[in-house]
Amino acid sequence: MSETSKTEPNETATPEIATPPPLPSAEEVKKESAVWMPALKEAALAFSAAALTLVIAYIFLFRTLHPEFLPYMDRGVAPTQSFSGNQFVPVRFGNGGYQDGAALITEYEDGAAILELRASFQAEDYPFIKFDIEGLTTWSDAFVFWQVAGDPGNIHRLKLNRSWDEVTQVAMPYGYETYRGEITNLAIGFVSDPTDHDNDGDPILLKGVELRPYSAWGVAEQIFEDWTNPPLWQGYSNNIVRGIHANGMLFPNAVANLLVVTGVALAGLWRFRNRLRGRGPSVRLLAVALCLCLYGWGFNDALRWHWRVAQLMDTHERYAGLPLEERIYNNPIRCGRRDDCFEHLLPYF
Numbered sequence: 253m254s255e256t257s258k259t260e261p262n263e264t265a266t267p268e269i270a271t272p273p274p275l276p277s278a279e280e281v282k283k284e285s286a287v288w289m290p291a292l293k294e295a296a297l298a299f300s301a302a303a304l305t306l307v308i309a310y311i312f313l314f315r316t317l318h319p320e321f322l323p324y325m326d327r328g329v330a331p332t333q334s335f336s337g338n339q340f341v342p343v344r345f346g347n348g349g350y351q352d353g354a355a356l357i358t359e360y361e362d363g364a365a366i367l368e369l370r371a372s373f374q375a376e377d378y379p380f381i382k383f384d385i386e387g388l389t390t391w392s393d394a395f396v397f398w399q400v401a402g403d404p405g406n407i408h409r410l411k412l413n414r415s416w417d418e419v420t421q422v423a424m425p426y427g428y429e430t431y432r433g434e435i436t437n438l439a440i441g442f443v444s445d446p447t448d449h450d451n452d453g454d455p456i457l458l459k460g461v462e463l464r465p466y467s468a469w470g471v472a473e474q475i476f477e478d479w480t481n482p483p484l485w486q487g488y489s490n491n492i493v494r495g496i497h498a499n500g501m502l503f504p505n506a507v508a509n510l511l512v513v514t515g516v517a518l519a520g521l522w523r524f525r526n527r528l529r530g531r532g533p534s535v536r537l538l539a540v541a542l543c544l545c546l547y548g549w550g551f552n553d554a555l556r557w558h559w560r561v562a563q564l565m566d567t568h569e570r571y572a573g574l575p576l577e578e579r580i581y582n583n584p585i586r587c588g589r590r591d592d593c594f595e596h597l598l599p600y601f
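Going by our numbering, the first residue of the sequence shown is number 253, and it counts up by one from there.
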């Protein structure tokens with residue numbers, strides 16, 4: 253007889269339900285806070301001590317780090333010179349006038365407006381110049397121009413960095429050998445960006461200018477304005493962000509890294525001192541180092557946030573809710589190449 257094989261019915265496997273991990277107990281939470289709160293406090297002290305150490309080192313090393321300032325130092329105290337806007341004479345001017353002691357620009361001439369101050373001064377007495385203006389938009393670039401008595405045939409210039417609708421103080425030593433000797437003419441010029449919008453129709457008010465002598469406060473103000481007013485993004489496919497404009501004195505990225513490294517070194521030295529006295533650390537150095545990295549990131553990022561708001565406003569004004577033709581025309585990269593803005597080409601995005 254042949255045996256009949258019996259097939260057993262397939263059994264469906266019951267899926268296993270993963271149990272969630274248990275919540276940390278109050279004791280574990282308390283233990284973690286007992287690690288990170290002291291680490292954050294110790295890192296804050298180390299970060300502050302590192303900042304003080306770097307400031308002192310920067311003061312002593314200033315001449316070595318910035319040899320371009322040497323001709324402007326040790327010249328005695330020169331008085332600050334101030335000139336009102338109505339002392340500027342139009343050289344290239346579309347339309348405008350004077351208003352309450354200030355120069356008013358309402359229209360460019362062929363994409364530019366230049367106002368000249370006819371005053372004579374010694375360049376080495378005034379390494380910093382501050383223009384007091386209002387109304388500058390991202391559709392215009394501003395420049396400072398000057399002529400030297402020993403070279404009257406040439407006009408030199410430096411680009412001014414934007415600070416909202418104003419410009420920052422400019423460090424004239426970055427004109428190098430061209431900013432030496434007797435200055436016979438000083439001018440400020442506003443040039444339309446490649447889209448040729450003439451400051452987008454907004455008036456510019458030049459209230460005045462200050463010639464400022466060399467001082468520690470002037471250096472500190474220059475660095476602060478450099479750090480808090482980086483250049484706007486340009487929309488390139490490879491958008492390299494320097495973190496500072498072309499004529500800036502110190503890179504904030506380098507300073508942030510030095511703050512973290514110096515803070516770790518100081519925290520390690522403090523622990524070594526305590527160990528020699530028989531006192532152990534309350535938290536590991538690694539936890540303090542991680543908190544220092546957090547402080548360094550926060551320091552570096554805080555310098556840029558208000559300017560990111562300015563970038564957002566600029567982008568919204570140029571492109572939001574506009575038809576494609578206007579967006580192309582408002583783009584300084586694409587439309588700045590030639591007059592027709594390559595209108596026959598669709599954008600790659």
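Backbone N, C-alpha and C define an ideal beta-carbon position, used for all residues, glycine too. Model, not experiment: these values are computed from the prediction.
Have a look at the DSSP bridge pairing and note the partners of residue i.
i      : result
TYR350 : ALA355
ILE440 : LEU367 and VAL396
VAL341 : GLU368
ASP403 : VAL400
GLU434 : GLN374
ASP384 : GLY460
GLU418 : SER415
GLU361 : ALA364
ALA423 : PHE380
From the DSSP output, in three-state form, read off residue i for me.
i      : result
ILE496 : coil
ASN552 : helix
HIS558 : helix
CYS593 : coil
GLN374 : strand
HIS568 : helix
VAL461 : strand
SER467 : coil
ALA330 : coil
ARG579 : helix
LEU410 : strand
SER336 : strand
ASN505 : helix
SER534 : coil
GLY453 : helix
PRO584 : coil
ASN481 : coil
THR316 : helix
GLY573 : coil
TRP288 : helix
TRP391 : coil
ARG529 : coil
THR447 : coil
Give a yes or no on whether the C-beta atoms belonging to residue i and residue j are separated by under 8 Å.
i      : j      : result
GLY548 : VAL512 : yes
ASN338 : TYR350 : yes
PHE395 : ARG414 : no
SER444 : TYR360 : yes
PHE340 : LEU297 : no
ILE435 : ALA375 : yes
PRO446 : TRP559 : no
LEU537 : ARG523 : yes
LEU544 : PHE299 : yes
PRO319 : SER534 : no
LEU555 : TRP469 : no
GLY441 : PHE397 : yes
ARG327 : ASP377 : yes
ASN347 : SER392 : no
TYR304 : ARG315 : Strictly speaking, residue 304 in this sequence is Leu, with Tyr absent from that position. Taking 8 Å as the Cβ cut-off, LEU304 and ARG315 do not qualify as a contacting pair.
THR390 : ASP566 : yes
Could you give the C-beta distance for residue i and residue j, rounded to a whole number, given that I count them as a contact under 8 Å?
i      : j      : result
PHE503 : GLY495 : 6 Å
PRO342 : LEU367 : 6 Å
ALA562 : LEU484 : 7 Å
PHE380 : MET424 : 7 Å
ALA401 : GLY433 : 6 Å
ALA539 : TRP288 : 7 Å
LEU518 : ALA301 : 5 Å
ALA371 : LEU438 : 6 Å
LEU510 : LEU306 : 6 Å
ASN552 : ALA498 : At roughly 19 Å, the Cβ-Cβ gap does not stay under 8 Å, so ASN552 and ALA498 are not in contact.
> Quick one: any contact between the segment 407-418 and the segment 339-357, if contact means 3 or more CB pairs under 8 Å?
Replying inline: Segments in contact, no.
>> I want to know whether the segment 383-393 touches the segment 459-470 - three or more CB-CB distances under 8 Å.
In response: The segment 383-393 vs the segment 459-470: in contact.
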